[in-house]
Structures are given as structure tokens and as C-alpha cells.
Amino acid sequence: MELLSNYSLFLIKTLTVLISILLIISFIVNSKKSDRSGSIEIKNVNKELDSIEENIKKNILTKSDFKKFIKAKKKSNKKLEKRLFVIDFKGNIRASEIVSLRREVSGVILSCKKGDEVLLRLENSGGTVHEHGLAASQLKRIKDKKIPLTICVDKVAASGGYMMACVANKIIASPFAIIGSIGVLAQVPNFNKLLKDKGINFEQHTAGNYKRTVTMFGENTDKDREKLNEQLEEIHLLFKNFITSQRKNIDIEKVATGEYWYGENALSLNLIDEIMTSDEYILSMKEKFEITHIKYKPVKTFSDKISKISSSFTNKAIGSLEQKNHDKNIFK
């Protein structure tokens, strides 16, 4: 028994040493890679769609009909002079995809020639003002270069997401995409009463009357709240002015209420220009443009990979629980 215990302890120590060595090696390797930039991944969408079509036709047509199809396709193939660049932006509260977006936009601007266009597939429910303002400014670089920019919203472009979308020459949304939420939100819990009940004093020292307005732990005053509301109104005005500078035919006071609308209603309010999914739009452009999807791939560190695995596992677990809860409520 003692031998088994000693052996187990030895194994644990050995594993600890091995893991420590691996972590040190990983740190050294990653530090050497830290200066390396990522790369732009290019995908020919036309070829991808053609491959899908050919695979299906091969399985549903007779051999002779399939040969005729291939022959006709080769005959009708022509070199497309214009190019449609496709970029994806899936946002979060901090618009962290901006790291990739800025490089993708630069790549497009450097590569575009006369007649080329850009399509951004956007999914973003908003977040911090400065991050989404920067993301919108990155898209405006395309428009400022007189390159036609279309933005497709399949799911959501709300709040900061709509700030990005409004930059486009044309906004297309699916019938049930969530559009709008043109407003500003600030919310914070306050634990001051709880701290007092526990006999804990909270001190905060500032220079400048409004260095800090409402806080989580201090005692908030009406003056603090009034100043915060003033700041929110100021941001809201900037938001509204930006939208009207990009979309001239919009009744901003009617839509800047913080409400959101689904595709069809958003169209009637001139928040968008057309109802269509991004897939439908791409198919409609297939015969007119060489469609190129570009994606910036940053160098992945060891910690990034671990974080991705952990995040994937957590998301699957949460998704499974949400689905079970949904099914339970629907099918009870």
C-alpha cells in the first residue's frame, strides 16, 4: 500500500514537472512568434458555389446529361472583370473583431480597382461606444475611397451594430433581422447600502468635479445621476448626427427611441434599403462579379488555443442546456 502511495506521488510530481516544462517551452515559442503578423486568407466564392452545384448535379443527372451540363457550363464561362470583396464582422460588446477588420479594409482598399465593390456580412448587437465608433470609421474608409459598400444583416445590427451598418451605400437585411436600437444605455449596481450594513466604509478621491459620477460602491447623489444622464444625451446626439450624415432619407427622431424593428418594418422606416439574405445577394452577384472572400487570420498563441478550446466547450454546454430548457417549455 505504501509502495502504491509513493508511486502515485512520484507520478504526480513527474506530471507536474512535464507540464511546467511544456508551459515554459510554449511561452518561449510564443514570445518568438509575437512579432509575427497574421495573414490574409483568400477564398474564391464563385469556384466554391460551382463545386457545390456540380456535386449535386453529378448525383441527380444521368451521365450524359451531366456531361452536357459541364460542356454548357464551360462554354458559358467568361472572365469576369469586376470583383466583389466579401468581409465578415461578427461583433461583441467590445467589437474585438476590429483587429481583423482594420487589416481586411486596408487590404480591400489596396486591391480594389474601378468597378469593384465590397460586401460586409454584419452580425452585431452593439456594445461600447468608442469601439463601435472605430469599427464604423474603418468601414467609412471604404466609402470615402468611392468604393461601393453593401452591408448585409442576416440576424442583427442593433445599437453600435447599426452605427456600423448605416455607413453603407446600401443596407440589405433578412425579413426577421433585428435592426435599430438607436439609443444609449448605462447601468451599474450600487452596493453602498450593503457595505454600510456590514460596517464597511468606502472612500473615493478625485480631482475634477465630474471625474467620477455614479459608482458601484459610493453613495450616488442626484447631481451625479443628472450628470450621467447629460453625458448619455450627449452621446445619443452624436449617434443620431452620425446616422443622419450617412443616411439622408431617415426620420431620425422617429427611429432614435431605443426601439428595434424586424426587417420588413425597418424597411418602411428607411433604416434599410432591401429585404434579402446575404446568401441570396451573393448568388445574384455570381454572374456579374468574381467574388472573393477575405479573412485576416492573426497568429494564434498557445493561450489563444487553450482559450478557444475552453470557450468552445463552455458554449456547447450552455447551448445544450438552453436547448433542453427550450424544448422542455415548448413540448411539455
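In the working numbering, the protein residues as written are 91 to 422.
Glycine is no exception: its CB is placed at the ideal position from the N, C-alpha and C atoms.
- Put simply, the stretch 286 to 305 does not touch the stretch 262 to 269. Fewer than three CB pairs are less than 8 Å apart.
- Distances from the CA of E171 to each of F379, T303, S190 were compared; the closest alpha carbon is that of F379.
- Taking a contact as a CB-CB distance under 8 Å, the pair F307 and F281 counts as one, their CB atoms being some 6 Å apart.
- With a 10 Å radius around the Cβ and a threshold of 16 neighbouring Cβ atoms, S335 comes out exposed.
- Minimum Cα-Cα distance from V198 among the listed residues F175, I272, V189 corresponds to F175.
- Cα atoms of Y252 and R231: separation of roughly 17 Å, rounded to the nearest angstrom.
- Contact check for S215 and V189: beta-carbon distance about 19 Å, past the 8 Å limit, so the pair fails to qualify.
- Put simply, of Y352, L322, T382 the residue whose alpha carbon is nearest the alpha carbon of T218 is L322.
- With the rule of 3 Cβ pairs closer than 8 Å, the stretch 233 to 248 does not count as touching the stretch 308 to 327.
- Rounded to the nearest whole angstrom, the CA to CA distance from N331 to I177 is 26 Å.
- Taking the C-beta atoms as reference points, D244 is found no nearer than 8 Å to E207.
- A direct Cα-to-Cα measurement between D312 and I365 gives close to 46 Å.
- Residue nearest to E131 within the set I384, G223, K148 is I384 (criterion: CA-CA distance).
- DSSP places E221 inside the alpha helix (DSSP H), whose first and last residues are 219 to 234.
- Beta-bridge partners assigned by DSSP to G270: A248, Y350.
- Collapsing the DSSP output to three states places K260 in a strand.
- For K283, there is no enclosing beta strand (DSSP E); the residue is part of the alpha helix (DSSP H) that begins and ends at 282 to 287.
- Short of 8 Å from the beta carbon of V278, and not among the five residues preceding or following it, lie these beta carbons of its own chain, in chain order: V304, T305, M306.
- Comparing alpha-carbon positions, the option among K204, I150, A225 lying closest to I183 turns out to be A225.
- Separation of S141 and S201 (C-alpha to C-alpha, rounded to the nearest whole angstrom) is 26 Å.
- In the three-state scheme derived from DSSP, where H, G and I count as helix and E and B as strand, L210 is classed as strand.
- Cβ-Cβ distances below 6 Å link N360 to N339, I340 in the same chain, with the five nearest sequence neighbours on each side left out; the list follows chain order.
- Across the structure, V274 and Y371 are spaced so that their CA atoms are roughly 32 Å apart.
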